[in-house]
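All remarks here apply to the structure that follows.
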Amino acid sequence: MKEVALIYLVTLGLAWPLGRYLSWLFGERSVSGGIATVENGLLRLAGINPNADMSWSDYARVLLKLHLLLAIVIFLVLTLQQWLPLNPDHIPNMSWDLALHTVISFLTNTNQQHYSGQAQLSYFAHTLGIVTLQVVTPAAGLATLVAILRTLFSKAPSGETVSVGNFHRDLLRSVLWVMLPLSLIASLLLASQGVPSTYQGAAEVSTLQDGATQTVPLGPVAAMVAIKQLGTNGGGWFGPNSSVPLENPTFFSNLVETTALMLIPMALVFMLGFMARRRRLGWCVAAVMFALSLVSTSLNVFSERQPNAAVAAAGIQGPNMEGKEVRFGTDLTALWGSWTTQTSNGSVNGMHDSFNPLGGMSELMNMFLNVTFGGIGVGLIGYLLFMFVAAFIGSLMIGRAPSFLGRPLETREMKLASLALLLQPILILGLTAVTLAVPGWAGTSNPGPHGLSQVLYEYTSAFANNGSGFEGLGDDSVWWNLSCALALVGGRFIPMLAPLAIAASLASKRPSAQSRGTLNVDTPTFAVLTLGVIVLFALLSFLPALVLGPIAEAL
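In this note's numbering, the protein residues as written are 89 to 643.
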């Protein structure tokens with residue numbers, strides 16, 4: 089537990105100043121000096137007016153157009169990689185359905201992999217396609233969060249059309265001054281630990297067995313691992329991800345990667361308090377998220393310190409080392425498993441399919457909630473959705489007209505919030521039911537409750553834009569690729585853009601005067617109410633599935 093506590097403290101210590109920096113960077117429409125000069129020059133070079141303000145619908149339209157363009161380009165790269173440069177290992181083209189799933193997976197900041205890492209992607213596809221999406225998609229989530237906060241807490245007078253900012257500037261600022269500098273630092277730290285950073289082909293090495301050789305795949309691994317962790321992306325260079333020594337060779341590299349996994353999502357909570365000029369609100373949100381995080385991590389650590397069923401049946405005591413790296417042990421693997429599902433990261437340094445049922449259920453609950461820090465931007469956006477619902481319920485409980493920050497919450501806002509929240513159980517449970525009902529579609533490696541958990545986990549991971557998996561599934565099939573693509577898209581864009589529309593709608597309304605009867609959102613009482621709404625929503629939606637899956641397996 090000492091290592092777990094150390095990583096929590098290191099991450100918290102780095103997240104606080106990063107949150108202050110982010111609030112400065114995004115707190116004003118234009119930052120003066122060299123930053124503004126660089127941004128304006130690049131935007132004008134691209135033919136974009138850097139000072140043009142956008143309505144929420146314009147902002148959403150530009151965001152979706154960018155993602156569509158990236159999808160087309162990278163789909164072509166994956167299906168034509170055999171004839172493109174930087175392919176020293178002669179990797180063949182991807183099938184259309186696997187390429188489609190891969191593009192949508194990385195386009196939605198999910199990085200769910202139905203392929204086996206370096207074995208099915210060339211260096212060109214990795215570098216131009218995958219790493220580009222790993223930089224742009226978290227930056228898009230951060231830009232959207234900034235637009236929502238800017239709009240919600242704006243002091244501008246109400247009006248018919250509300251400006252939410254400029255997507256191009258917000259995206260460029262996120263890429264240039266957040267993602268790239270942090271990734272450069274992390275990649276240098278990882279390269280110093282021996283993580284490969286080369287464009288040479290696979291190496292042939294001699295093994296300890298006389299005359300035997302082994303092919304060791306290499307590549308620009310350090311750069312991809314850095315952004316996969318910092319961008320809450322997930323997908324590893326190698327199939328087994330950060331459990332492979334070449335991706336994660338030492339305790340220090342594991343510390344860097346685990347810290348990077350949570351750093352920006354945690355910093356954004358502090359950014360909220362600074363940017364909104366409501367420090368108490370930031371602390372209340374942080375308290376709820378830290379409470380959920382500590383409960384999940386404690387459950388995971390406790391679970392993996394217990395023997396698994398097979399070992400316990402043999403009368404042997406000890407931690408569950410199945411699927412764990414001996415270098416890290418159960419505690420650090422359990423921490424990673426907890427943090428990677430608390431955020432929308434999805435990377436692993438051990439196999440989640442081998443976790444005990446309590447650990448697997450804890451990770452599923454993290455993704456059902458999807459607001460325990462969550463993905464970059466989208467985690468806090470999802471928390472705002474629950475705040476809208478909590479404000480609606482809380483206002484009615486005290487006999488007031490529903491409002492948020494003094495502005496009325498009416499039919500339009502609650503319809504959008506309900507759509508974004510209810511889409512999750514509809515898609516996850518619906519797709520799970522269909523997949524299990526049709527013989528041969530699931531392709532599970534386990535019968536009974538664990539087989540159900542494998543299917544449930546895959547769709548939950550897709551909708552939560554997480555990307556981790558229980559594995560053990562034959563998931564490189566047309567059905568899995570297309571059905572997961574549907575969950576990926578549904579879980580990314582509607583929950584991200586609905587709050588943007590709500591924020592613009594609220595900002596267009598005249599705020600009412602504050603009084604003793606006004607529902608205050610930056611109090612511990614409201615924080616507890618929001619926590620109750622979050623937990624009850626997840627339990628009411630998914631408790632039957634948990635009973636049939638991990639709970640039945642545990643019993």
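Note that CB positions come from ideal geometry on N, CA and C, so glycine has one too.
Bear in mind the structure is a predicted one, so any value in this text is a computation, not a measurement.
Below 8 Å on the Cβ atoms is my contact criterion, and I expect residue i with residue j to pass it. Report the Cβ-Cβ distance as a whole number of Å.
i    : j    : result
G447 : N388 : 5 Å
F255 : M359 : With 8 Å as the limit, F255 and M359 do not qualify as a contact, their Cβ atoms being about 18 Å apart.
L334 : V252 : Actually they do not touch by this definition, with Cβ atoms about 43 Å apart.
A575 : I514 : Actually they do not touch by this definition, with Cβ atoms about 10 Å apart.
A534 : G560 : Per the sequence presented here, residue 534 reads as Asn, with Ala not at that position. The Cβ separation is near 6 Å, so the contact holds.
T385 : S435 : Not a contact, Cβ separation roughly 16 Å.
F390 : S111 : Not confirmed; about 36 Å, so no contact.
Q169 : A134 : Actually they are not in contact, since the Cβ atoms of Q169 and A134 sit about 27 Å apart, beyond 8 Å.
M449 : I639 : 7 Å
Residue i to residue j, Cα distance in whole Å?
i    : j    : result
A374 : V357 : 6 Å
V493 : W567 : Reading the sequence as shown, one finds Leu at residue 493 and not Val. Answer to the nearest angstrom: the Cα atoms are 45 Å apart.
L511 : A642 : 29 Å
N444 : A398 : 11 Å
I481 : P490 : 8 Å
L636 : L172 : 47 Å
L484 : M502 : 14 Å
F194 : G557 : 15 Å
W424 : A124 : 38 Å
L452 : T532 : 17 Å
E292 : Y547 : 38 Å
L594 : R500 : 10 Å
G465 : I404 : 45 Å
L31  : D441 : Outside the shown range of the chain (89 to 643) lies residue 31, about which nothing can therefore be said.
I160 : K316 : 22 Å
A187 : L164 : 9 Å
T295 : F340 : 26 Å
A140 : R132 : 12 Å
A611 : L97  : Note on identity: in this sequence residue 611 is Thr, with Ala being the wrong assignment. Roughly 25 Å between the two C-alpha positions.
A93  : G438 : 19 Å
G406 : L130 : 58 Å
A601 : L468 : 27 Å
Nearest CA to the CA of residue i: which residue from the options?
i    : options                : result
M312 : S391, I160, A575, M267 : M267
A550 : L174, C572, S565       : C572
G578 : L509, G536, L594, T523 : L509
I162 : A348, L216, N608       : L216
Q208 : R366, L617, S183, T520 : S183
A479 : A310, S145, L607       : L607
L240 : S596, G411, D146       : S596
I622 : M377, K316, R367       : M377
R580 : G411, A228, A422       : A228
L540 : G555, A552, V522, Y109 : V522
P583 : L472, P638, S600       : L472
H178 : L110, V263, G289       : G289
P354 : R366, R365, S341, W371 : Note on residue identity: the sequence assigns Met, not Pro, to residue 354. Among R366, R365, S341, W371, the Cα nearest to that of M354 belongs to W371.
N329 : A591, L468, L380, E413 : E413
V609 : S629, V477, I639       : V477
V332 : W112, L306, G620, L97  : L306
R149 : L588, R495, L628       : L588
L270 : L102, P599, P138, P176 : L102
K90  : P176, D146, D419       : D419
Anyone know if the C-beta pair for residue i and residue j falls short of 8 Å?
i    : j    : result
A231 : D258 : yes
G644 : N433 : This structure cannot speak to residue 644, because the chain is shown only from 89 to 643.
T429 : N396 : no
L726 : A274 : Coverage of the chain is limited to positions 89 through 643, which leaves residue 726 absent and any answer about it impossible.
R238 : E127 : no
L278 : A235 : no
S285 : V309 : yes
T460 : I95  : no
L174 : Y287 : yes
N197 : T225 : yes
N569 : H202 : yes
T644 : M350 : In this structure the chain extends from 89 to 643, so residue 644 is not present and cannot be described.
L544 : A633 : yes
T618 : F474 : yes
G555 : N199 : yes
A626 : L507 : no
L524 : L457 : no
Q302 : P337 : no
V250 : A592 : yes
Which residues does DSSP list as the beta-bridge partners of residue i?
i    : result
R495 : F492
A291 : V304
G637 : DSSP output for G637 lists no bridge partner at all.
T532 : L561
G411 : Per DSSP, none; premise fails for G411.
G253 : M142
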